[in-house]
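Beneath this line is the structure, given in structure tokens, with notes to follow.
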Amino acid sequence: MGLGAVVAFVGLLFVLGWLAGKTGGGEVAGDGVDEQAGSITLAYPFEPPQLDSTRATDVSSSFVLGHVMEGLLRLDEHGAIAPGVAERWEIDPHQAVFHLRATALWSDGKPVTAQDFVFGWRKVVDPATASEYAFIMYAVKNAEAISKGEMPPDTLGVRALDDHTLQVEFQQPVAYFDKLATFKTYYPIRQDFYESRSGRYGADAEDLVFNGPFTLARWVHGARLRFEKNQTYWNRDTIRLNAVDIPYITTDSAAVMNLYKDDKVAMVGASLGLDPEQLKEVLVQRWPMERFNEGAIFFLEFNHRDGRLTENLHLRKAIQLVFDPGELVNQVIKLPGYLPGQSLFPVWLRGADGLFRQEYPASPPKLDVAAAREHLELARKELGLETWPPISLLCDDRPLTSRITEYLQARLKEELGLEVRIDRQIFKQRLAKMTAGEFDIVMAGWSPDFDDPMTFGDLFASWNLNNRGRYEGAELDRQVRIAMGSLDPKTRMDAFGKVQSLLIDEAVIVPMYERGQVFVRNPQLQGVVRRVVGTDPDFTHAYLGSP
Amino acid sequence: MTDATVTNAAGFEPVHVDRQVQKLTRPSLSYWQDAWRRLKANRRAFISLYIVIGLLLFTVVGPWVWTVDPSTQDLDQVSKAPGSDRRAFVAEPYQPWEGVRATVPEGAASTAPPANFKTVGSTTTQAVRLTWDPVAGASGYRIYRNIYRPTAGGALGLPLGDVLSPEQVSFEDRLDLEPMTYFYAVLTLDRFGAVMSPPTSLEVNVVRVITPAQAVERGLVASVADVKVGDELKLALHPFGTDYLGRDLLARLMTGARVSLLIGIFAPLFYVLLGIAYGSAAGFMGGRADSALMRFADFVVALPFLLFMILFKIAFGIGPGESGIFPMLVALVLLSWPSTARLVRGQILQIREEGYIGASRLLGARTGYLVMRHMIPNTMGVILVTLTFAIPSAIFTEAFLSFIGMGVAPPTPSWGSMCNEGIRTMLTTPHELIFPAVMISITVLAFNLLGDGLRDAFDARMRSRE
């Protein structure tokens with residue numbers, strides 16, 4: 077092959093590359109931040125499976141629905157309850173009345189009425205919908221019975237007194253209904269539109285009608301999402317972005333990093349956060365970084381079912397005592413967004429007056445190998461074992477997980493001589509094995525559904541189906557019931573404080589870390605709100621300006 | 004009267020033998036000697052042979068020489084490249100810090116940065132403790148850490164954390180501290196968590212420390228009494244560096260080589276033997292039996308390897324977290340023999356028709372003798388070549404399966420699984436990927452070149468050629 081052939085070959089490559097660039101994509105994606113058009117471009121890891129708010133469960137659905145829909149109430153930029161479709165509301169222990177604003181319109185110009193909420197909420201609890209989030213409606217009268225098929229959906233305790241007045245009856249007194257009313261499952265659905273889509277409601281951008289600050293202008297499955305400012309939104313004058321374009325739907329964090337370098341996207345780590353390896357790259361690039369506590373807590377959950385080794389309290393105590401969450405976060409995970417886990421209740425939760433964890437400080441056990449060995453010896457005698465059989469540790473298959481599990485495996489081997497078998501499964505399979513109880517220890521986590529300690533507090537109640545280790549504690553159940561049945565913040569928080577220490581004393585779980593994120597944002601893009609609960613990240617109040 | 008003849012040595016004379024006729028111009032060479040001579044002449048192949056021997060020594064003798072446990076985690080030296088600084092000072096064990104609380108001054112909210120930003124106590128890899136003066140009107144503080152000297156308005160580096168109460172004027176950094184110079188920055192936050200002031204920054208030199216107990220645990224000193232606070236020690240040596248959990252890379256490469264070479268040598272050995280038996284049977288019998296046997300071999304070729312690997316894993320009851328090496332071996336042996344069988348059958352078919360076989364048969368040789376004396380030795384070259392080419396492909400298969408998580412179970416390393424772990428940190432700590440990847444490449448290349456050399460050496464047509 078002579079020089080000519082080489083030149084020809086390279087030339088051919090260039091021509092092919094140019095052609096690919098011309099034909100690929102179809103639409104040209106804009107710059108990360110376009111001040112003239114008032115638009116931003118982003119990358120997002122996943123697209124929503126569908127956008128019917130009654131059946132939406134995942135984070136990406138929350139993200140999209142939070143921008144294009146609005147419930148009775150919403151969260152403002154500081155996370156406080158703010159008026160949404162309802163301009164006024166009265167909540168007493170037994171019922172709530174919401175007064176809807178007359179200016180609230182759907183994107184096709186029709187008014188948002190109380191009947192739209194009644195229709196949407198009945199759909200959620202209708203057994204035919206099989207919504208995974210039906211339980212979040214259980215605060216409303218008869219909701220549980222309806223979702224179990226014992227009563228018809230029209231007996232749900234919600235009524236449209238007139239077009240603009242909605243009355244909600246409670247099953248039992250709820251202390252946090254205003255917070256629930258901001259949740260996506262409580263969004264309205266318009267009956268005539270829903271029925272006109274013949275079962276395809278929420279499947280595509282055309283199969284939705286919007287009442288939020290943005291509309292979903294384009295949705296190319298697997299490729300692109302585009303929000304545009306909703307011109308019929310009642311509060312449209314406060315919305316300063318004209319468009320949020322998401323032409324990159326990818327989990328490839330390195331690709332997103334390169335896009336940010338070329339100024340093609342406005343944020344890196346907008347949903348999943350940066351990897352430990354990317355942090356160094358960002359440091360070298362000298363981009364400003366931000367930190368965000370996601371609100372989720374991760375812990376080792378023991379299997380408390382009969383016949384499992386981990387049913388033994390001393391064994392659980394031994395494992396609890398050889399493990400230092402501080403070392404795990406600082407030496408193994410090495411991400412500044414993460415916090416060492418000390419309790420089931422994360423640091424951001426609000427208590428009676430201030431933060432819950434400041435009112436009820438957690439007292440996690442100190443690392444104590446000698447005491448752990450004593451507990452292990454006691455456990456061995458109680459169980460009548462000569463030698464310890466291997467213990468299975470169930471976990472998911474994310475890269476960080478293998479780091480953590482191998483660290484734990486070595487800790488337990490070195491300090492206690494316990495052999496740990498790591499059972500790595502994909503997310504769904506891990507969930508299935510957790511539910512079936514096929515584990516000794518599982519690396520589990522919990523993300524909050526609403527901004528109240530109850531979202532964590534009832535997790536280990538004996539009746540909660542998400543209590544996958546099947547822990548049963550009479551005292552813990554009693555405290556959860558106290559918190560459920562009371563409206564007094566002090567009484568409730570006291571009960572949660574007791575739940576917190578019971579979980580540590582009984583070694584029901586071993587808290588590992590609170591998950592956080594580090595992300596990079598174009599300094600021109602301001603007013604982006606990161607939320608622990610609900611729409612995250614939230615661009616409703618975002619604007620473009622010089623930093 | 005006796006007619007006696009005197010006989011003695013002098014009466015004899017040896018018959019003259021003309022040795023000139025028998026004189027050879029070159030010494031006689033057996034087939035093997037000739038092959039060996041030609042292999043030696045092939046420099047690439049010969050170097051490869053030395054590399055292969057070296058690898059075997061590395062795997063077998065290595066762990067006797069380098070006796071570091073491959074699963075011990077040295078969290079003082081995580082992801083360290085070879086030749087990193089190993090100095091450490093002995094210090095008291097880490098004690099939790101209460102922090103510093105101060106009364107917030109009354110008055111209007113100030114947008115001034117926190118004053119008097121300084122460290123408390125010594126700044127070590129255990130912890131860096133920072134404190135500053137409270138600021139009126141602040142509701143919290145945010146702390147950053149950078150590896151570069153901050154410029155005005157520039158990036159502040161890693162956001163370490165927020166302090167959520169104005170009275171708490173301290174922060175303890177324990178996050179992955181390295182012995183180097185850091186630039187910390189602190190700024191104030193308003194009640195909504197928005198930044199209220201410009202940052203104050205501080206340069207901090209961090210020294211690596213180790214507690215006496217840790218020093219004993221890591222085997223640096225014999226007992227706690229041997230060291231006192233302030234002594235300088237050298238941390239454990241890791242010639243090839245460490246991985247993401249501070250495990251010694253050299254020890255892991257040696258252990259990993261065991262798995263790789265175990266699969267790489269035993270699997271081909273077994274399936275080549277199986278292939279020889281099957282192929283020679285088919286070739287020798289010929290006719291319908293041959294057809295039937297070879298169609299079955301074709302059928303085996305069509306079976307998907309990965310699927311069988313998974314099926315065997317289940318069939319052998321290999322639970323989660325247990326090593327998948329045995330099913331991998333079985334799957335390789337059961338599914339890879341047909342290529343050898345085909346090759347051997349082809350050779351046997353050819354040799355069967357050779358004149359010397361006919362001659363041997365005429366002289367009364369039996370089948371067993373024919374196969375063992377004439378046929379197998381004549382196919383030996385082909386067989387050895389197949390074997391040397393099969394080894395790198397088996398090593399590669401093992402590496403691939405461990406890479407996708409089907410092979411060894413943690414904490415046992417293999418070169419493939421080490422690559423899988425190393426690829427995630429390719430940009431920041433490339434040595435974690437480079438070492439196992441280079442080992443795989445060298446091994447595969449060496450076996451391939453050796454195979455090439457053997458093929459040339461055993462090629463009968465090249466015999467006696469220079």
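These protein sequences, in sequence, are chains V and E. The first sequence runs contiguously to residue 623 in my numbering. The second sequence runs contiguously to residue 469 in my numbering. Just so it is clear, CB atoms sit at the ideal spot from N, CA and C, and this is done for glycine as well. It should be emphasised that the depicted structure is a prediction, and the values quoted were computed from it without experimental measurement.
Using three-state DSSP, classify residue i as helix, strand or coil.
| i | result |
| --- | --- |
| Y120 of chain V | strand |
| N149 of chain E | strand |
| K566 of chain V | helix |
| V285 of chain V | coil |
| M409 of chain E | coil |
| E435 of chain V | helix |
| E403 of chain V | helix |
| G621 of chain V | coil |
| H240 of chain V | coil |
| Y336 of chain V | helix |
| A260 of chain E | helix |
| W197 of chain V | helix |
| G371 of chain V | strand |
| E548 of chain V | coil |
| D691 of chain V | Given that chain V is displayed from residue 77 to residue 623, the structure contains no residue 691 of chain V and the question cannot be resolved. |
| D459 of chain E | helix |
| P229 of chain V | helix |
| K121 of chain E | strand |
Rounded to whole angstroms, what is the Cα-Cα separation between residue i and residue j?
| i | j | result |
| --- | --- | --- |
| F193 of chain V | E220 of chain V | 18 Å |
| M560 of chain V | L314 of chain E | 50 Å |
| T308 of chain V | L181 of chain V | 6 Å |
| Y187 of chain E | A346 of chain V | 25 Å |
| T343 of chain E | I394 of chain E | 13 Å |
| T415 of chain E | K316 of chain E | 17 Å |
| I266 of chain E | V388 of chain E | 18 Å |
| Q80 of chain E | Q129 of chain E | 13 Å |
| S226 of chain E | I56 of chain E | 41 Å |
| S420 of chain E | E514 of chain V | 26 Å |
| L373 of chain E | I360 of chain E | 7 Å |
| Q267 of chain V | F195 of chain V | 6 Å |
| R456 of chain V | A251 of chain V | 46 Å |
Taking C-beta to C-beta, are residue i and residue j nearer than 8 Å?
| i | j | result |
| --- | --- | --- |
| R364 of chain E | A300 of chain E | no |
| Q434 of chain V | D473 of chain V | no |
Out of the options, which has the shortest C-alpha to C-alpha gap to residue i?
| i | options | result |
| --- | --- | --- |
| R367 of chain V | E:M383, E:F406, E:R177 and E:R145 | E:R145 |
| R381 of chain V | V:Q396, V:L579, V:S207 and V:S538 | V:S538 |
| V408 of chain V | E:F329, E:G286, E:I360 and E:D246 | E:D246 |
| A239 of chain E | E:W69, E:L59, E:L60 and E:L430 | E:W69 |
| G110 of chain E | E:A141, E:V131, E:N45 and E:N119 | E:A141 |
| S263 of chain E | E:P116, E:I328, E:T75 and E:T127 | E:I328 |
| I482 of chain E | E:G278, E:G233 and E:L404 | Past the boundaries of the shown model lies residue 482 of chain E; chain E is included only from 4 to 469, so the question cannot be answered. |
| V148 of chain E | E:V138, E:V275, E:R132 and E:K83 | It should be pointed out that residue 148 of chain E corresponds to Arg in this sequence rather than to Val. The shortest Cα separation from R148 of chain E among E:V138, E:V275, E:R132 and E:K83 belongs to E:R132. |
| L579 of chain V | V:L411, V:P228 and V:Q418 | V:Q418 |
| D31 of chain V | E:T428, E:A115, E:K121 and E:I268 | Chain V is shown only over 77 to 623; residue 31 of chain V falls outside these bounds and no answer can be derived. |
| H434 of chain E | E:F49, E:G157, E:P85 and E:Q353 | E:P85 |
| V594 of chain V | V:L359, V:K305, V:G142 and V:T261 | V:L359 |
| V461 of chain V | V:L431, V:D612 and V:L494 | The question names Val, but residue 461 of chain V in the sequence shown is Leu. That would be V:L494, whose Cα lies nearest to the Cα of L461 of chain V. |
| R458 of chain E | E:L404, E:V385, E:A402 and E:T431 | E:V385 |
| R355 of chain E | E:P341, E:T370 and E:L366 | E:T370 |
| D88 of chain E | E:V232, E:G290 and E:K237 | E:K237 |
| E548 of chain V | V:I585, V:K566, V:A299 and V:A571 | V:I585 |
Run through the DSSP bridge pairs and tell me what residue i is partnered with.
| i | result |
| --- | --- |
| H175 of chain V | V:R164 and V:T241 |
| Q593 of chain V | V:F368 |
| P187 of chain V | V:L181 |
| F290 of chain V | V:K305 |
| L469 of chain V | V:I498 and V:I517 |
The ligand SAM heavy atoms versus the CB of residue i: any closer than 7 Å?
| i | result |
| --- | --- |
| E435 of chain V | For the structure depicted, the ligand SAM is absent and the ligand set is empty, with no information on it obtainable. |
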